[in-house]
Amino acid sequence: MSRTVTKAIFPVAGLGTRFLPATKSIPKEIMTLVDRPLIQYAIDEARAAGIEEFIFVTSRGKGALEDYFDHAHELESSLKKSGKNDLLDILRETNMDSGAIAYVRQHKALGLGHAVWCARRLLQDEPVAVVLTDDVIMGEPPCLQQMIEAYQETGGTMVATMEVPTEKTKSYGVLDVAEDMGAIVRARGMVEKPKENPPSNLAVIGRYILAPTVMENLNKLKQGAGGEIQLTDAIADEIEAGRDVFGLRFRGQRFDCGSKAGFLQATVAFGLARDELKDEFGDYLADVMSMRKAAE
Ligand code: G1P
Numbered sequence: 010m011s012r013t014v015t016k017a018i019f020p021v022a023g024l025g026t027r028f029l030p031a032t033k034s035i036p037k038e039i040m041t042l043v044d045r046p047l048i049q050y051a052i053d054e055a056r057a058a059g060i061e062e063f064i065f066v067t068s069r070g071k072g073a074l075e076d077y078f079d080h081a082h083e084l085e086s087s088l089k090k091s092g093k094n095d096l097l098d099i100l101r102e103t104n105m106d107s108g109a110i111a112y113v114r115q116h117k118a119l120g121l122g123h124a125v126w127c128a129r130r131l132l133q134d135e136p137v138a139v140v141l142t143d144d145v146i147m148g149e150p151p152c153l154q155q156m157i158e159a160y161q162e163t164g165g166t167m168v169a170t171m172e173v174p175t176e177k178t179k180s181y182g183v184l185d186v187a188e189d190m191g192a193i194v195r196a197r198g199m200v201e202k203p204k205e206n207p208p209s210n211l212a213v214i215g216r217y218i219l220a221p222t223v224m225e226n227l228n229k230l231k232q233g234a235g236g237e238i239q240l241t242d243a244i245a246d247e248i249e250a251g252r253d254v255f256g257l258r259f260r261g262q263r264f265d266c267g268s269k270a271g272f273l274q275a276t277v278a279f280g281l282a283r284d285e286l287k288d289e290f291g292d293y294l295a296d297v298m299s300m301r302k303a304a305e
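Mapping of the sequence shown onto my numbering: residues 10 to 305, in sequence order.
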């Protein structure tokens, strides 16, 4: 089977209740780090990795997300008229080709595995990437590109992974490691949110390359942890069936933008990474820190 990955699934049906009241009227994927919505970071990462078709699994109330990808013709022509070419470039970089994005609806919040399964009819017998927009990753090359490069070597199914402290493993899918080859590990099992005795400290982070057989496993619509249909279980089924599953310890920093603390950390990191902001913002942060120290 070809190891070229050209499609990616973005499960964006979640309600984002952790960010209420903001998410009362805007999808959480539109929330911005500095000046770019979370979804733009995910799309840029996928494009850098060679993805050409983008499948969004949405739900009720996500209209603003669909609108975000429309070309802003009026805005473009007014920027053009006023010679604001820098802004025009920024805007144009976000434009997507007609037909490059498909939306499918998840009618019920039955879990991540179910959301991914909703995209099944848009896939042939081909591998597909999955990108969770809550996990924002700063990395060079971008994380999904690192994964696709590793996947060219390994084939099978691949998840992004990183070490987390033992007490945090209950918030993640966790790998049971059969063979540790350094950057790449081979899994002999995967457990979703283990309440106790995690098989390792290697947590699954929201980037996946799925073999087509994972979709078949999802057809069973088996309930797992928390009563939800879990993607982790469908990947673990691959191992049961004797097929390869790998984890890639990616190079980069991951921010959990599904949590408030993670979102704020990402804002600081991405703010400091901007040439036009780093001095003013960096000085401000240094002041805050010294005031905090003085108050102790
Ligand atoms: C999901 C997956 C989990 C993974 C995590 C990464 O969980 O189910 O296996 O470790 O994303 O962010 P969620 O955070 O959506 O509960």
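Think of the CB as a built atom: it goes at the ideal place given N, C-alpha and C, for glycine as much as any other residue.
Membership of Thr170 in any alpha helix (DSSP H) is not indicated; the residue belongs instead to the beta strand (DSSP E) covering Thr166 to Glu172. Annotation for Asp185: the continuous beta strand (DSSP E) segment containing it runs Gly182 to Asp189.
Taking Ala51 as reference, the option from Leu153, Val254, Val125 and Gly291 with the minimal CA-CA separation is Leu153. With a 10 Å radius around the Cβ and a threshold of 16 neighbouring Cβ atoms, Gly72 comes out exposed. Under the DSSP assignment, Phe28 falls outside any alpha helix (DSSP H); it carries neither an H nor an E label. The closest CA to that of Arg114, considering only Glu54, Met171 and Gly23, is found on Gly23. Shown here, Leu273 sits in a helix according to DSSP, grouped into three states. With a cut-off of 7 Å, the C-beta of Ile18 is classified as distant from ligand 1, since no heavy atom of the ligand falls inside that distance. Rounded to the nearest angstrom, the gap between the Cα atoms of Ala31 and Lys37 is 8 Å. Counted as a single uninterrupted DSSP element, the stretch harbouring Lys202 is not any alpha helix (DSSP H), since DSSP gives it neither H nor E. By DSSP's assignment, Glu38 forms no beta bridge with any residue.
For the 8 Å CB-CB criterion, Val223 and Leu211 do not form a contact.
If the five residues before and after Ile39 are omitted, its C-beta is found closer than 8 Å to the C-beta atoms of Pro46, Leu47, Ile48, Ala73, Leu74 and Tyr77, all from its own chain and listed in chain order.
Residue side-chain check: Tyr181 places its Cβ nearer than 7 Å to a non-hydrogen atom of ligand 1. Straight through space, the alpha carbons of Gly122 and Asn226 are spaced by roughly 10 Å. Between Ile244 and Met300, the CB-CB gap reaches or exceeds 8 Å. The DSSP-derived three-state label of Asp44 is coil. Listed in chain order, the alpha helix (DSSP H) elements of length 4 or more contained wholly in the stretch 217 to 273 are 221 to 227 and 240 to 249.
In the DSSP assignment, Lys16 falls within the beta strand (DSSP E) that extends over Lys16 to Pro20. By the 16-neighbour rule on beta-carbons within 10 angstroms, Leu240 is buried. Between the stretch 150 to 169 and the stretch 256 to 268 there are three or more inter-stretch CB-CB distances shorter than 8 Å, so the stretches are counted as touching. Scanning its chain for C-beta atoms nearer than 6 Å, with the 5 sequence neighbours on each side dropped, one finds around Ala111 the residues Ile64 and Leu131, in chain order.
For Ile110, there is no enclosing alpha helix (DSSP H); the residue is found in the beta strand (DSSP E) stretching over Ile110 to Arg114. The alpha-carbon separation between Asp143 and Ser180 amounts to approximately 14 Å.
Annotated three-state conformation of Gly122 is helix, per DSSP. Out of Met156, Val145, Val186 and Ala234, the CA that lies nearest to the CA of Ala196 is found in Val186.
Annotation: Phe279 to Ala58 spans about 20 Å, alpha carbon to alpha carbon. The beta carbon of Pro221 is closer than 6 Å to those of Asp134 in its chain, skipping five residues each way along the sequence.
Gly70 sits in coil when the DSSP states are folded into three classes, being neither helix nor strand.
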